[in-house]
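Protein chains in written order, with the numbering used here: chain G, 1 to 192; chain E, 1 to 187.
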Amino acid sequence: MPFDQLDLKRAIAGDERAMQRLWSQHAPHIDAVVRRLCGDPELAADVSQEVWMQIFRALPSYRGDSQFGTWAHRIAVNRTLNALRKIRRLAKLEVDIEDDSAVTENESERTFVAESIEQAMAKLSPGARAVFVLHDVEGYTHGEIGEELGITPGGSKSQLFKARAKLKKLLAHLVDDSIPVAGKGKEHVAPV
Amino acid sequence: MSHLSEEQLDHLIDQERARKQAPLNDWRTIAARAREEGLIRDSQARSWQMGRPWLQAAAAVLLLIGGAAIGRMSVAVPDTSAPSEISGASFASVDDATTTLERALTEYQRASAFIAANASGPTTVDSSRIYSARLAALDQVGDAMEGALKTAPHDPVINQYYLATMGARVATQQLAARPVGLRLKGF
């Protein structure tokens, strides 16, 4: 049953059932973005708790101007990025933006073979992963990413280029018949 | 060293975007945190228990009416009301019916206070079990009515049953909360 205005009022009033309905409906998507941004399942689980507490705290401020999922998603991204900053996982981002050496592979990265794009994303630097996830997976523009991360749109583009280049290497072994190549006719359509 | 093409990487990203993933925590974990912060208010876990005294009062009236009807059926007292009276046709207008309802509410409250003060018996272990069973049943009925209201929010029959359920639950909670041997001074 979809979450509706009645549920929203009940959740604001502290009704556990309404809150659980809200969580059940949106947790798969909200937690997915947290997981991708964190790149570490245990950290993601902790951050997810903080995200959901913030969503519940902020419920009275939800005005219905946007879809609830969109509103909650924005909270999830902000809260996750804040959490990552707190634990200094993004501390290197500002350096990486201007430093081409950020894509220099070390020995462990050269020998690492990702079995999935999730594993490969986890091998990206926190900053590059954030830009990649927000742009290519979540559909943010470079301008929006710049605002979220406190970098320029150009810096975001640069990080995305580096992230995609690294992922193409890490996932190179997946080149086989299972991934379509020719005749797909698909351009890179992620927003810019 | 080979590389994925842009298209191949985009295909993997599409797959990742569409991949269904389980939540990172179970609800009990989230609920425990929310309860710690006071975001879940157990005493208000059911929204219709709080904040709407007029609704509870209206429910109480319906409960009284429903109880009277059940009482009639139980003791086989014939219902002499004419169909037009049952359907409310004796009211000249909505305002007239509202005035009557308000008057009935006042009378109900006075009668309830009197009965509670003079006729309430002690709570026993058995009655506690009965109240628990009744509350559980009323919860189920309340949920069913809530679900029905989402489909038909203006249906008068569903609304009446919903209000009656609410009233019955509030009354049962009050009864269940009484210490053994305590008589209520009023509602």
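Note that beta-carbon positions come from the ideal geometry of N, C-alpha and C, so glycine has one too.
Cβ-Cβ separation, residue j to residue i (assumed contact under 8 Å), whole Å
{"i": "G/ALA83", "j": "G/GLU50", "result": "6 Å"}
{"i": "G/HIS135", "j": "G/ILE145", "result": "6 Å"}
{"i": "E/TYR161", "j": "E/MET145", "result": "6 Å"}
{"i": "G/ILE55", "j": "G/ALA72", "result": "5 Å"}
{"i": "E/THR165", "j": "E/GLY147", "result": "Contact doesn't hold; Cβ gap of about 12 Å is too wide."}
{"i": "G/LEU59", "j": "G/LEU8", "result": "7 Å"}
{"i": "G/ALA130", "j": "G/LEU37", "result": "6 Å"}
{"i": "G/ILE117", "j": "E/GLU16", "result": "5 Å"}
{"i": "G/GLY69", "j": "G/HIS29", "result": "7 Å"}
Cβ-based neighbour list, residue i, same chain, cut-off 8 Å, excluding 5 preceding and 5 following
{"i": "E/ALA31", "result": "ILE40"}
{"i": "G/LEU124", "result": "GLY39, PHE132, ALA163, LYS166 and LEU167"}
{"i": "G/GLY14", "result": "none"}
{"i": "G/ARG17", "result": "ARG10"}
{"i": "G/SER101", "result": "Residue confidence for G/SER101 is low, a pLDDT of 47 falling below 50, so the modelled location carries little weight; the figure read from the coordinates is stated next. There are no such residues."}
{"i": "G/LEU81", "result": "LEU37, LEU90, ALA130, GLU148 and LEU149"}
Residues near residue i in its chain [Cβ-Cβ closer than 6 Å; skip 5 each side]
{"i": "G/ALA195", "result": "This structure does not reach residue 195 of chain G, given that chain G is present from 1 up to 192, and the question cannot be answered."}
{"i": "G/TYR62", "result": "TRP71"}
{"i": "G/GLU147", "result": "none"}
{"i": "E/VAL75", "result": "Below a pLDDT of 50, predicted positions are generally treated as unreliable, and E/VAL75, at 42, falls in that range; the measurement from the model is reported next regardless. Excluding sequence neighbours, E/VAL75 sits near nothing in its chain."}
{"i": "G/ALA120", "result": "ALA114, LEU167, LEU170 and LEU171"}
{"i": "G/ALA182", "result": "Only weak support exists for where G/ALA182 lies, its pLDDT of 45 falling under 50; the value from the coordinates is given anyway. No residues qualify anywhere along the chain."}
Neighbourhood of residue i by C-beta distance below 7 Å, restricted to the same chain and skipping five residues each side
{"i": "E/ALA69", "result": "With a pLDDT of 44 at E/ALA69, under the threshold of 50, the modelled position of that residue is not reliable, and no figure is offered here."}
{"i": "E/ALA34", "result": "ILE40"}
>> For the pair the region 20 to 38 of chain G and the region 16 to 29 of chain E, tell me if three or more CB-CB distances fall below 8 Å.
In response: yes
> Is it a yes or a no for the region 156 to 172 of chain G touching the region 133 to 142 of chain G, going by three-plus beta-carbon pairs under 8 Å?
Replying inline: yes
>> I want to know whether the region 25 to 44 of chain G touches the region 67 to 84 of chain G - three or more CB-CB distances under 8 Å.
In response: yes
> In the region 123 to 180 of chain G, which residue ranges form an unbroken alpha helix (DSSP H) of at least 4 residues, counting only runs that do not cross its ends?
Replying inline: 126 to 132, 142 to 149 and 153 to 170
>> Under 8 Å, with one C-beta from each stretch per pair, do the region 163 to 171 of chain G and the region 3 to 10 of chain E reach the 3-pair mark?
In response: yes
> Fully enclosed by the region 32 to 87 of chain G, which alpha helix (DSSP H) runs are 4 residues long or longer?
Replying inline: 41 to 58 and 68 to 86
> Curious, which full-length alpha helix (DSSP H) runs of at least 4 residues does the region 5 to 40 of chain E contain?
Replying inline: 6 to 18 and 27 to 36
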